Amino acid sequence: MIRVPRLECYHVAKVLQSYLDGEAEPATSSVVAAHLETCRRCGLEAQTYLAIKAALAVGSQDPTSVEPDAVDRLKRFAERLSSPGED
Ligand SMILES: [Zn+2]
928 MIRVPRLECY HVAKVLQSYL DGEAEPATSS VVAAHLETCR RCGLEAQTYL AIKAALAVGS
988 QDPTSVEPDA VDRLKRFAER LSSPGED
């Protein structure tokens, strides 16, 4: 069995940041919102991104307060989706 992320996950990963920034099209937003309700992995990534955003907004004098792990995890998530086969 080949582990390939669901098509929805590819789509969500591409637009997740725009969605969370409120910049996605309304049609896209509803698709992403519905997906995040049902996909735990994307939901977690959305939370991670929001946590990073919040940390950046709150701790703007101290950007090192952002958890490096969270940023790395988000990067790996995007990379994993664009290159299926490794997990
Ligand atoms: Zn997903």
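Converting from the sequence shown to the working numbering requires adding 927 to each position, the first position being numbered 1. Each residue gets a CB set at the ideal place from its N, CA and C atoms; glycine is no exception. Computed from a predicted structure; not experimentally measured.
query: Would you call V985 buried or exposed, if buried means 16 or more other Cβ atoms sit within 10 Å of its Cβ?
result: Within the sequence shown, numbered from 1, the residue matching residue 985 stands at position 58. Exposed: under 16 other Cβ atoms inside 10 Å.
- request: Check whether the Cβ of R968 sits closer than 8 Å to any heavy atom of ligand 1, and report yes or no.
  value: To locate residue 968, count along the sequence shown from 1; it is residue 41. At least one heavy atom of ligand 1 falls within 8 Å of the beta-carbon of R968.
message: Distance check for R967 and C936, CA to CA, integer angstroms please.
response: What you label residue 936 is simply residue 9 of the sequence shown in a count that begins at 1. What you label residue 967 is simply residue 40 of the sequence shown in a count that begins at 1. Rounded to the nearest angstrom, the two C-alpha atoms are 11 Å apart.
query: For C936, which three-state DSSP category applies?
result: Taking the sequence shown and counting its residues from 1, one reaches residue 936 at position 9. In the structure shown, C936 sits in a helix (DSSP, three-state: H, G or I).
- prompt: Quick one, which of K941, R1007, T955, V998 has its alpha-carbon nearest L977's?
  reply: Sequence index remark: in the sequence shown, residue 977 carries index 50 (1-based). Looking at the Cα atoms, V998 is the closest of the given residues.
- prompt: Just the Cα atoms here: how many angstroms apart are E1013 and E952?
  reply: Here residue 1013 corresponds to residue number 86 of the sequence shown, with the count starting at 1. Here residue 952 corresponds to residue number 25 of the sequence shown, with the count starting at 1. At E1013 the pLDDT is 48, less than 50, meaning the model places this residue with poor confidence; the figure from the coordinates comes in the next sentence. C-alpha separation (whole angstroms): 31 Å.
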